[in-house]
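Numbering (this note's numbering), first residue to last: 83 to 256.
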């Protein structure tokens with residue numbers, strides 16, 4: 083803005099595995115603590131201006147038919163990290179999964195399920211048999227047509243971590 087040439091805003095963010103209960107997670111001094119403002123956003127229970135309210139987007143009423151999730155209860159933030167990370171990952175990896183078929187996704191899920199079971203020493207009767215127990219190849223350069231039909235996210239806790247070069251995949255117990 084030409085009226086405020088020296089104006090700037092700095093936002094510092096730090097993720098901690100709790101529901102915002104850490105008093106001074108950024109290690110601010112007393113002077114900074116006095117100036118600090120904490121704004122907790124509750125996507126389910128914060129009031130929405132009436133002209134923006136849509137019942138179909140009310141997370142205290144919404145229920146996903148595909149994933150059988152919802153509505154969010156008053157203590158929903160106990161699963162906040164799952165929601166936060168899952169939504170961040172889904173958005174950040176869009177270039178990796180947008181062209182995958184559901185068959186590609188299910189194959190990746192199967193391999194990750196097997197790899198996780200191997201790590202924790204669990205033999206699961208629901209795990210599909212596999213000849214290949216190696217780590218799945220990165221999704222980089224996927225050329226499959228866009229997915230059709232059920233495109234819901236996996237419900238088995240599988241996660242992927244993007245890498246700037248290879249979109250390296252990891253399982254949730256690393």
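All C-beta atoms, glycine included, are put in the ideal place defined by N, C-alpha and C.
Check                                                                                                     : Outcome
Pairwise C-alpha distance: residue 174 and residue 168                                                    : 10 Å
Any 3 or more C-beta pairs closer than 8 Å across the region 140-158 and the region 120-128               : yes
Extent of the continuous alpha helix (DSSP H) to which residue 199 belongs                                : 184-202
Counted within 10 angstroms of its Cβ, other Cβ atoms place residue 198 as buried (16 or more) or exposed : buried
Residue burial classification, residue 196 (beta-carbon count within 10 angstroms, cutoff 16)             : buried
Burial state of residue 54 (16 or more Cβ within 10 Å)                                                    : The chain is shown only over 83 to 256; residue 54 falls outside these bounds and no answer can be derived.
Alpha-carbon spacing of residue 194 relative to residue 101, whole angstroms                              : 29 Å
Where residue 177 sits in the DSSP three-state scheme                                                     : helix
Neighbour-count burial assignment, residue 182, 16 or more Cβ in a 10 Å radius                            : buried
Close beta carbons around residue 108, own chain, < 7 Å, minus the five adjacent residues each side       : 94, 96
Residue environment, residue 130, which counts as buried when at least 16 other CB atoms sit within 10 Å  : exposed
Assigned secondary structure, residue 168 (DSSP; H/G/I helix, E/B strand, else coil)                      : helix
Where residue 202 falls, given that 16 or more other Cβ within 10 Å makes a residue buried                : exposed
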